[in-house]
Amino acid sequence: MRNKIKAILFDFGGVIAEEGFREGLMEIGRAYGFDPDEFYLTVETLIIESGYLIGHADECAFWDVVRLKTGIVASDAVLRNVIIKRFKIRSEMIRYANRLRSKGLIVAMLSDQTNWLDEIDRRSNLFQHFDRIFNSFHTHKSKFDATVFRDVCAEFNIRPIETLFIDDNIAHIQRAKGEGLKVIHFTGVRKFEKRIRELL
Numbered sequence: 757m758r759n760k761i762k763a764i765l766f767d768f769g770g771v772i773a774e775e776g777f778r779e780g781l782m783e784i785g786r787a788y789g790f791d792p793d794e795f796y797l798t799v800e801t802l803i804i805e806s807g808y809l810i811g812h813a814d815e816c817a818f819w820d821v822v823r824l825k826t827g828i829v830a831s832d833a834v835l836r837n838v839i840i841k842r843f844k845i846r847s848e849m850i851r852y853a854n855r856l857r858s859k860g861l862i863v864a865m866l867s868d869q870t871n872w873l874d875e876i877d878r879r880s881n882l883f884q885h886f887d888r889i890f891n892s893f894h895t896h897k898s899k900f901d902a903t904v905f906r907d908v909c910a911e912f913n914i915r916p917i918e919t920l921f922i923d924d925n926i927a928h929i930q931r932a933k934g935e936g937l938k939v940i941h942f943t944g945v946r947k948f949e950k951r952i953r954e955l956l
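In terms of our numbering, the sequence shown has 924 at position 168, counting the first letter as 1, and numbering is strictly consecutive.
Below, the structure written as structure tokens:
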């Protein structure tokens with residue numbers, strides 16, 4: 757079959773795991789009397805602008821910027837724990853990753869994450885279920901830069917049309933689609949199961 761899918765790229769937060777970053781920040785916002793959605797958007801901007809998302813700043817510098825911008829007073833440890841504990845790994849998605857690998861497909865993770873992802877792996881051995889981990893903190897490029905999708909395809913020496921990308925963020929989905937990848941916008945496990953059966 758022409759353009760047969762050879763590689764599958766999973767997002768982490770919101771796909772492989774529940775979305776801990778957004779949910780954690782909204783909880784912090786509520787605790788300090790902010791509108792949770794506005795607080796999340798503010799800090800999402802700060803994690804990009806600070807350089808922390810692509811490994812150009814460390815976690816301490818990021819939280820310093822957050823405290824300066826928002827006025828919250830909690831320690832790094834308290835704030836990070838609110839987020840990290842909400843990244844609950846979805847066992848059914850891990851089973852899918854394992855099943856797809858057993859069929860000879862390349863299965864990788866492409867995530868806009870920080871050192872938190874490495875910490876989660878140390879606790880859960882998450883990375884063993886994937887052939888490669890592309891974490892923006894280490895690759896120094898996030899999914900806000902559409903060229904990251906070309907980079908990943910080049911790493912595996914496959915064409916974008918042979919690559920399936922799964923993410924809960926519609927903007928990332930649109931960027932990947934614009935680069936020629938096949939995509940699934942993740943909105944839930946059952947809908948994902950139906951869509952991936954159709955594609956594979």
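Just so you know, even glycine gets a beta-carbon here, dropped at the ideal spot from N, CA and C. In this text the structure is predicted, and so the values were computed from the model without any measurement.
Item to check | Counted within 10 angstroms of its Cβ, other Cβ atoms place residue 955 as buried (16 or more) or exposed | outcome: Answer is exposed; the Cβ neighbour count stays below 16.
Next on the checklist: Using 8 Å as the cut-off, can you tell me whether the stretch 787-805 makes contact with the stretch 872-892, which would need three or more C-beta pairs spanning the two stretches below that distance?
Outcome noted: With the cut-off at 8 Å, the stretch 787-805 and the stretch 872-892 do not touch.
Next on the checklist: What does the alpha-carbon distance come out to for the pair residue 824 and residue 779?
Outcome noted: About 21 Å.
Item to check | Own chain residues within Cβ distance below 8 Å of residue 939, not counting five before or after | outcome: Within the same chain, residue 939 has close Cβ partners 920, 921, 922, 923, 929, 932 and 933.
Item to check | Distance between residue 832 and residue 945 (C-alpha atoms, nearest Å) | outcome: Roughly 33 Å separates the two Cα atoms.
Item to check | Assigned exposure category for residue 801 - 16 Cβ within 10 Å defines buried | outcome: With fewer than 16 other Cβ atoms within 10 Å, it is exposed.
Next on the checklist: Pairs of beta-carbons, one from the stretch 839-853 and one from the stretch 770-786, closer than 8 Å: are there three or more?
Outcome noted: Judged by Cβ distances under 8 Å, the stretch 839-853 makes contact with the stretch 770-786, as three or more pairs qualify.
Item to check | Limits of the unbroken beta strand (DSSP E) element including residue 938 | outcome: Looking at the DSSP string, the run of the beta strand (DSSP E) that includes residue 938 is 938-941.
Checklist entry - Do residue 899 and residue 877 have their CB atoms nearer than 8 Å? => result Residue 899 places its beta carbon 8 Å or farther from that of residue 877.
Item to check | DSSP three-state assignment for residue 877, whether helix, strand or coil | outcome: Helix, per DSSP.
Item to check | Classification of residue 785 by the beta-carbon crowding that lies within 10 angstroms, buried from 16 upward | outcome: With 16 or more other CB atoms across the displayed protein chains lying within 10 angstroms of its CB, residue 785 is buried.
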